[in-house]
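Sequential numbering from 455 applies to the sequence shown in my numbering. Where a beta carbon is used, it is the ideal one built from N, C-alpha and C, also for glycine. Below is one structure, written out as structure tokens; comments come after it.
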Amino acid sequence: MDDDLLCLHREWQVRAREEVLNVFGNEKPDFEGLSRLKIVTMILYETLRLFPPAPIYGRRNKDEVKLGELSLPAEVLLIIPAILVHYNKELWGEDTKEFKPERFSEGVSKATNGQVSFIPFGWGPRICIGQNFAMMEAKMAIAMILQKFSFELSPSYTHAPVAVVAIHPQYGAPLLMRKL
Ligand code: HEM
455 MDDDLLCLHR EWQVRAREEV LNVFGNEKPD FEGLSRLKIV TMILYETLRL FPPAPIYGRR
515 NKDEVKLGEL SLPAEVLLII PAILVHYNKE LWGEDTKEFK PERFSEGVSK ATNGQVSFIP
575 FGWGPRICIG QNFAMMEAKM AIAMILQKFS FELSPSYTHA PVAVVAIHPQ YGAPLLMRKL
């Protein structure tokens with residue numbers, strides 16, 4: 455999904471490549487450098503907002519709990535619609551459907567005004583244990599691709615995100631890669 459969005463928004467592909475080349479040149483990305491990638495991180499967050507791989511997930515409350523005016527008996531299955539939260543206009547503004555990595559230019563808490571409105575990895579004590587690993591892995595893959603290739607969507611691409619367990623492009627995302 456990230457590569458697709460960088461094809462559709464070439465200006466962000468250019469900005470991300472500039473950053474990657476500034477930080478690593480043609481050297482292999484290392485952990486310290488990956489932590490300094492700001493533009494790439496903004497792009498990743500915005501991609502996770504628009505296309506959260508886990509669009510909904512469930513939680514079961516162990517004991518009876520009061521939630522605002524609701525009283526939930528024990529063992530109720532709660533479905534958390536992360537994708538609806540990510541597209542909520544009250545939380546994100548009228549441009550919620552647009553790809554705008556600049557929302558995250560000052561980090562997640564600024565982008566969300568301190569609310570729990572960005573939840574691609576869940577939230578609270580059971581937040582995804584692999585989130586840092588997943589972010590590092592994605593940054594490394596993107597950095598290595600950006601160092602060596604420019605890319606655009608193949609004309610055969612059809613935009614058809616589908617959720618079967620995780621959100622992914624239904625017909626794949628064929629890219630045309632050009633060696634730099
Ligand atoms: C982009 C990649 C990933 C996304 C979007 C993601 C998303 C999530 C979400 C939403 C949850 C919470 C589910 C719930 O509350 O029911 C979760 C939990 C979890 N994730 Fe991930 N995840 C990702 C990558 C990974 C990776 C790479 C690992 C392992 C290396 C991992 C391991 C786990 C584990 C073990 C839990 C359960 C934590 C617990 O219940 O205490 N995830 N993940």
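Evaluate leucine 491 with the Cβ neighbour count: other Cβ atoms within 10 Å of its Cβ, from every protein chain shown; 16 or more gives buried, anything less gives exposed.
buried
Quick one, which of Tyr511, Glu606, Glu552 has its alpha-carbon nearest alanine 536's?
Tyr511
If you drop the 5 nearest sequence neighbours on each side, which residues of the same chain put their C-beta closer than 8 angstroms to that of histidine 636?
Since the displayed the chain opens at 455 and closes at 634, residue 636 lies outside it and no answer follows.
Give the single residue among Met589, Trp546, Gln624 whose Cα lies nearest to the Cα of leucine 488.
Met589
Can the beta-carbon of arginine 514 be found less than 9 angstroms from the beta-carbon of leucine 532?
yes
Is any heavy atom of ligand 1 found at a distance shorter than 8 angstroms from the C-beta of proline 623?
no
For a test of your reading of the model: does the CB of lysine 541 fall under 8 angstroms from any non-hydrogen atom of ligand 1? Yes or no.
Going by the sequence as given, residue 541 is tyrosine instead of lysine. Checking the Cβ of tyrosine 541 against ligand 1 gives no.
Just confirm the distance between the C-beta atoms of isoleucine 621 and proline 506, as a whole number of angstroms; I'd bet it's less than 8 angstroms.
7 angstroms
Measuring alpha carbon to alpha carbon, tell me which residue in His540, Val619, Ala614 is nearest lysine 551.
His540
Start-to-end residues for the beta strand (DSSP E) that takes in alanine 617:
615-618
Start and end of the beta strand (DSSP E) containing phenylalanine 587?
From DSSP, phenylalanine 587 is part of no beta strand (DSSP E) but of the alpha helix (DSSP H) over 585-602.
Are proline 483 and methionine 598 touching if we call contact CB-CB under 9 angstroms?
yes
Taking asparagine 567 as the reference, which of Thr495, Gly576, Arg557 has the closest Cα?
Arg557
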